[in-house]
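Participant: The sequence shown maps to residues 1 to 254 in full-length UniProt numbering.
We treat Cβ as the ideally placed atom computed from N, Cα and C, and that holds for glycine.
Dropping a structure here in structure tokens format, bear with me for questions.
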Amino acid sequence: MRRINGTALIVTALIATLAALAFPIWSYADRSGTGQAGLAASSVPTKWGPLSAADRDLLVKVRLAGLWELPAGQQAIERAPSQSVKAAGDHLVVGHTDLDARVRAVAARLGVELPNQPTPEQQGWLRELSAASGTTYERLFANLLRRAHGKVFAVIAQVRHSTRNALVRQLADASNQTVLDHITMLEATGLVDFDAIANEAAGNATAAPTGPPPPVPGVPVPVPPPARPTGTQTFTSLPSAPAVGEIGSPAARP
Numbered sequence: 001m002r003r004i005n006g007t008a009l010i011v012t013a014l015i016a017t018l019a020a021l022a023f024p025i026w027s028y029a030d031r032s033g034t035g036q037a038g039l040a041a042s043s044v045p046t047k048w049g050p051l052s053a054a055d056r057d058l059l060v061k062v063r064l065a066g067l068w069e070l071p072a073g074q075q076a077i078e079r080a081p082s083q084s085v086k087a088a089g090d091h092l093v094v095g096h097t098d099l100d101a102r103v104r105a106v107a108a109r110l111g112v113e114l115p116n117q118p119t120p121e122q123q124g125w126l127r128e129l130s131a132a133s134g135t136t137y138e139r140l141f142a143n144l145l146r147r148a149h150g151k152v153f154a155v156i157a158q159v160r161h162s163t164r165n166a167l168v169r170q171l172a173d174a175s176n177q178t179v180l181d182h183i184t185m186l187e188a189t190g191l192v193d194f195d196a197i198a199n200e201a202a203g204n205a206t207a208a209p210t211g212p213p214p215p216v217p218g219v220p221v222p223v224p225p226p227a228r229p230t231g232t233q234t235f236t237s238l239p240s241a242p243a244v245g246e247i248g249s250p251a252a253r254p
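Printed below as a string of structure tokens:
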């Protein structure tokens, strides 16, 4: 009788162990509460591909950027003492005029509602600019706009990487080019405080980045040799481009 009871206990323990091991697998298959479940729940189908919450957020952010950066650029053209800041303002006006037309057209096709006025924070930035003058105005302009562009730049990159919607992908491409142009022009003023930007980014980071140790002053750093292709075949030269009319050339295509 004791042997039977002991066997029953062993069998029961084995069943419980198998059930415990199978539960995580079943939970993963269900995916309730996971990122994939959230993506599916937030996405809506369109003829250009699924439209996610991140996609819609990008449309809103691009529209909001234009709502305050375009008037800021117009103000810089009128009030900035230096030509470099005026030039940056001109790029803001031209770039956001084009980008705003693009985002409104994409939002209309995808059925996304866009804001019609800047956020309270953005309105506060415009008030700060209006209250400043001279070199103080120019420095404030360069740093406010540079920080704002840097933040939206990261959002554009993430959405461009993950979106499944063709229209959002095209808008992200156009936004990327415009924002990079504006960043370049703002930095060309020589007024951007890169230390402040780096410290702000470090304060918002959740983990310290890893990488090679910092160099020691006065100690030369060895330069690694150039990378060589792996495998048994080594290419000594690149193949020449096909001549006009050959297979693969534009002229040979029907």
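On the DSSP letters alone, give me the boundaries of the alpha helix (DSSP H) that Asp55 sits inside.
Facilitator: Counting from one through the sequence shown, the residue named residue 55 turns up at place 55. Start and end: Ala53 to Arg79.
Participant: Classify Ile247 as helix, strand or coil using the three-state DSSP reduction.
Facilitator: Looking up residue 247 in the sequence shown gives position 247. With a pLDDT of 41 at Ile247, under the threshold of 50, the modelled position of that residue is not reliable, and no figure is offered here.
Participant: Helix, strand or coil: which one does DSSP assign to Val192?
Facilitator: Within the sequence shown, numbered from 1, the residue matching residue 192 stands at position 192. Reduced to three states, the DSSP call for Val192 is coil.
Participant: Would Asn143 pass as a contact of Leu191 if the rule is Cβ separation under 9 angstroms?
Facilitator: Locating residue 143 in the sequence shown gives position 143, where the first residue counts as 1. Locating residue 191 in the sequence shown gives position 191, where the first residue counts as 1. Contact: yes.
Participant: Would you report the Cα separation of Asp100 and Gln74, rounded to the nearest angstrom?
Facilitator: Residue numbering aside, residue 100 sits at position 100 when the sequence shown is read from its first letter. Residue numbering aside, residue 74 sits at position 74 when the sequence shown is read from its first letter. Computed Cα separation, rounded: 15 angstroms.
Participant: Would you mind stating whether Trp48 and Asn165 have Cβ atoms separated by less than 9 angstroms?
Facilitator: Against the sequence shown, residue 48 aligns to sequence position 48. Against the sequence shown, residue 165 aligns to sequence position 165. Against a cut-off of 9 angstroms, the Cβ pair of Asn165 and Trp48 comes out as a contact.
Participant: For Val112, which beta-bridge partners are listed by DSSP?
Facilitator: As a first step, residue 112 is located in the sequence shown; it is residue number 112 there, counting from the start. Answer is none; Val112 lacks a bridge partner.
Participant: Expressed to the nearest angstrom, what Euclidean distance is found between the alpha-carbon atoms of Ala172 and Leu114?
Facilitator: For this step, residue 172 is matched to residue 172 along the sequence shown. For this step, residue 114 is matched to residue 114 along the sequence shown. Distance between the alpha carbons of Ala172 and Leu114 is about 16 angstroms.
Participant: Bridge partners of Val44, per DSSP?
Facilitator: Residue mapping note: residue 44 aligns to position 44 of the sequence shown, counting from 1. In DSSP, Val44 forms a bridge with Leu51.
Participant: For Arg109 and Ala131, what's the separation of their Cα atoms in angstroms?
Facilitator: The residue labelled residue 109 in the question sits at position 109 within the sequence shown. The residue labelled residue 131 in the question sits at position 131 within the sequence shown. When rounded, the distance between both Cα atoms is 39 angstroms.
Participant: How close, in whole Å, do the beta carbons of Leu126 and Pro71 come, if the pair is a contact with beta carbons under 8 angstroms?
Facilitator: Mapped onto the sequence shown, residue 126 falls at position 126. Mapped onto the sequence shown, residue 71 falls at position 71. About 7 angstroms separates the two Cβ atoms, so the contact holds.
Participant: Which residues in the same chain have their Cβ closer than 8 angstroms to the Cβ of Leu145, if we skip the five residues on either side of it in sequence?
Facilitator: The residue you call residue 145 lines up with position 145 of the sequence shown. Glu69, Ala72, Ala88, Leu92, His182 and Leu186, listed in sequence order.
Participant: Can you tell me whether Thr163 is helix, strand or coil according to DSSP?
Facilitator: On the sequence shown, residue 163 is found 163 positions in, with the first residue counted as 1. Coil.
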